[in-house]
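Residue numbers for the sequence shown follow the working numbering, so the first one is 8 and each next one is one higher.
Just so you know, even glycine gets a beta-carbon here, dropped at the ideal spot from N, CA and C.
Nothing here was measured: the structure is a model prediction, and the numbers come from that model.
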Amino acid sequence: IYGSKLYIVVNVSNKIEVLDAKTAKRITSIPLQNCRYLTFKGGKAYASSYAGPVAVNPKAPKGKIVEIDTVSLSIQREVVVGYQPEEMEIVGNKLFVANSGGYKAPDYDNTVSVIDLNTFTEIQKLNVAINLHHIKKDNYGDLYVSSRGDYYNVPSSLYLIDAATGIVKKDFHLAVSEMTIVNDKLYFYGNEFNYNTHSYKKSFGIIDVKTEQIIAN
8 IYGSKLYIVV NVSNKIEVLD AKTAKRITSI PLQNCRYLTF KGGKAYASSY
58 AGPVAVNPKA PKGKIVEIDT VSLSIQREVV VGYQPEEMEI VGNKLFVANS
108 GGYKAPDYDN TVSVIDLNTF TEIQKLNVAI NLHHIKKDNY GDLYVSSRGD
158 YYNVPSSLYL IDAATGIVKK DFHLAVSEMT IVNDKLYFYG NEFNYNTHSY
208 KKSFGIIDVK TEQIIAN
């Protein structure tokens, strides 16, 4: 929900549905191929898109981020990023997007694209880890980014990035499937699948984002 509207990403249907948040009545549908996640700032919605059909394909195109005006509900600008981009986070005037490269397995992407929101251009690519997925910011200028690994020999993990410098400060060696930050605590769960063993490894925990330490698991 942003403002008075509810936005729903329906990725395999290639659209973002926009509803009135109070009544749940449909306002419109914004077409966007293989769309994935949304974030908002300054009256704009930013959506990640794989920009291609649903198919594992080594020749799959690079993905893109589109900027949607939340008044006219039309796409205004777009920028090409890495392969199969996932979740995004905005710090200051920069948008960070986790690129997965999931359609190019085993040749995954391993970067976070940095977009200048003024020029809407990619100004930097940060090398983090393969098959990135979620990204969350804390109140101290840092980003927490999850990697799904390769489901065989490269484990899933959580990385800490300094948003100002782009430096990877820490590898928590944790499998993280979902996470959220509330009151300086990052709550996570992991459900890591491995094709070698055909088993799942489950984990739950809390990280204190002020001290950057795991305080419960």
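Nearest C-alpha to residue 76 among 103, 97, 48, 69: 48. Contact check for residue 11 against residue 22 fails: the beta carbons are separated by 8 Å or more. For a cut-off of 8 Å, the C-beta gap from residue 129 to residue 189 is around 31 Å, too long to register as a contact. For residue 172, there is no enclosing beta strand (DSSP E), as DSSP gives it neither H nor E. Closest option to residue 34, judged by alpha-carbon separation, among 54, 13, 51: 13.
If you ignore the 5 residues before and after residue 138, its C-beta comes within less than 7 Å of the C-beta of 107, 108, 109, 115, 154, 155, 156, 157, all in its own chain and listed in chain order. For residue 167, the closest alpha carbon among the candidates 219, 62, 61 is that of 219. Spanning the alpha carbons of residue 67 and residue 30 requires a straight line of approximately 39 Å.
With distances taken between CA atoms, residue 214 lies nearest to 151 out of 151, 59, 159. In its chain, beyond the 5 residues on either side, 54, 82, 85 have a beta carbon closer than 6 Å to the beta carbon of residue 73.
With a minimum length of 3 residues, the unbroken runs of beta strand (DSSP E) contained wholly in the region 15-67 fall at 22-27, 33-38, 42-48, 51-56. For residue 160, the closest alpha carbon among the candidates 198, 202, 131 is that of 202.
Of the candidates 19, 123, 186, the residue whose Cα lies closest to the Cα of residue 198 is 186. Closest in C-alpha terms to residue 224, from the list 95, 61, 98, 181, comes 181. According to the DSSP assignment, residue 135 belongs to no beta strand (DSSP E), since it is labelled neither H nor E. Minimum Cα-Cα distance from residue 133 among the listed residues 170, 27, 200 corresponds to 170. CA-to-CA, the gap between residue 125 and residue 100 works out to about 7 Å.
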